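Q:
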Amino acid sequence: MDSKNVVVCDNGTGYVKCGFAGENFPASVFPSVVGRPMLRYEESLTEQQLKDIVVGEGCAELRNQLDISYPVNNGIVQNWDDMCHVWDHTFFNELKINPPDCKILLTDPPLNPSKNRETMVETMFEKYNFAGVFIQIQAVLTLYAQGLLTGLVIDSGDGVTHVDCNGVVMFGFIISVS
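Numbering follows the UniProt record's numbering, in which position 62 of the sequence shown is assigned residue number 62; successive positions increment by one, without gaps.
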């Protein structure tokens, strides 16, 4: 499978970072935010027509006309409907992919409830029809990217900070070494 067929998506509290396996940098980085118009277009005071749903950068320029929501809070998806709007924007507008032709690697914060992981996998298979789904903790991927199996990772994002120290990566988990 071509590396362009393996999508990497890091859904953070503040930003979505997405791209393709094997690339050094994300293909797209945009705010993890969803906006809905506060007024109908007919009632709007401006000439600019609003979509029913605005995702990412578009929310910044229209913020005074939108009811803004953040689907991810403290690294955990709280609003699945809005998260699907973010993923729609990610896959179809930013990456311009056909999900059934791709596999996806999603990042996950440590201590993410297992129900959230199940819902992510279910959504990727049932709504988007990805050929394969893999979920991994961000800190583990950081170590792998550096070619390491042990190390100290401080992952500080917009909504949460995790410190994984003196760990050994074994089968996708960090295990403390005494």
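C-beta atoms are modelled at their ideal positions from N, C-alpha and C, and glycine is treated no differently.
Fair warning: this is a prediction, and the values are worked out from it, not measured in the lab.
1. Can you check the region 67-142 for any beta strand (DSSP E) of at least 3 residues that lies completely inside it and give the ranges in chain order?
2. Ends of the alpha helix (DSSP H) at G58?
3. Can the beta-carbon of N73 be found closer than 8 angstroms to that of P100?
4. Give the single residue among L148, N24, D108 and F91 whose Cα lies nearest to the Cα of V7.
5. CB-CB under 7 angstroms to S32, same chain, minus the five flanking residues each way: which ones, in chain order?
6. Would you check if the distance between the CB atom of D158 and the CB atom of I135 is smaller than 8 angstroms?
7. Would you call Q65 buried or exposed, if buried means 16 or more other Cβ atoms sit within 10 Å of its Cβ?
8. Look up K4 in the DSSP assignment and say whether it is helix, strand or coil.
9. May I have the straight-line CA-CA distance separating H162 from V140, to the nearest angstrom?
10. Hey, out of P113, E61 and V54, whose CA is closest to G75's CA?
11. Helix, strand or coil: which one does DSSP assign to E47?
12. Just list the residues that DSSP pairs T161 with in beta bridges.
13. What do you reckon, is the C-beta of D52 under 7 angstroms from a heavy atom of the ligand ADP?
14. Would you mind stating whether I68 and C59 have Cβ atoms separated by less than 8 angstroms?
15. Measure the alpha-carbon distance for K103 versus V133 and round it to whole angstroms.
16. Going by the DSSP bridge assignment, what does residue 179 pair with across the sheet?
17. Which value, in whole angstroms, describes the spacing of the CA atoms of I154 and R36?
A: For this structure:
1. 103-108 and 132-137
2. Along the sequence shown, read from residue 1 onward, the residue named residue 58 stands at position 58. Unbroken alpha helix (DSSP H) run through G58: G58 to E61.
3. Walking along the sequence shown from the start, residue 73 turns up at place 73. Walking along the sequence shown from the start, residue 100 turns up at place 100. Not closer than 8 angstroms, so no.
4. Translated into the one-based positions of the sequence shown, residue 7 becomes position 7. Checking every option, the nearest Cα to that of V7 belongs to F91.
5. Position 32 of the sequence shown, counting from 1, holds the residue named residue 32. Closer than 7 angstroms at Cβ, skipping near neighbours: N11, G12, T13, G14, Y15, V16, Y70, P71, V72 and V86.
6. For the purposes of this step, residue 158 is identified with residue 158 of the sequence shown, where counting begins at 1. For the purposes of this step, residue 135 is identified with residue 135 of the sequence shown, where counting begins at 1. No. Outside cutoff.
7. If you number the sequence shown from 1, residue 65 lands on position 65. When all chains shown are included, Q65 counts as buried.
8. Here the question's residue 4 lines up with position 4 in the sequence shown. In the structure shown, K4 sits in a helix (DSSP, three-state: H, G or I).
9. Here residue 162 refers to the residue found at position 162 of the sequence shown. Here residue 140 refers to the residue found at position 140 of the sequence shown. Whole-angstrom Cα-Cα distance: 12 angstroms.
10. Locating residue 75 in the sequence shown gives position 75, where the first residue counts as 1. The residue with the shortest Cα to Cα distance from G75 is P113.
11. Against the sequence shown, residue 47 aligns to sequence position 47. Low confidence applies to E47: its pLDDT is 49, below 50, so where it sits in the model is not reliable, and the reading given next is rough at best. In this structure, E47 counts as coil in the three-state DSSP scheme.
12. Residue mapping note: residue 161 aligns to position 161 of the sequence shown, counting from 1. T161 is bridged to S156.
13. Of the ligands one can find in the structure shown there are none, so the ligand ADP has no counterpart to examine.
14. Looking up residue 68 in the sequence shown gives position 68. Looking up residue 59 in the sequence shown gives position 59. Contact flag set, yes.
15. In the sequence shown, counting from the first residue as 1, residue 103 sits at position 103. In the sequence shown, counting from the first residue as 1, residue 133 sits at position 133. So the alpha carbons of these two residues sit roughly 6 angstroms apart.
16. Summary: the structure shown does not reach residue 179, with the chain confined to residues 1 through 178, and so no result is reported for it.
17. For the purposes of this step, residue 154 is identified with residue 154 of the sequence shown, where counting begins at 1. For the purposes of this step, residue 36 is identified with residue 36 of the sequence shown, where counting begins at 1. Their backbone Cα atoms lie some 35 angstroms apart in a straight line.
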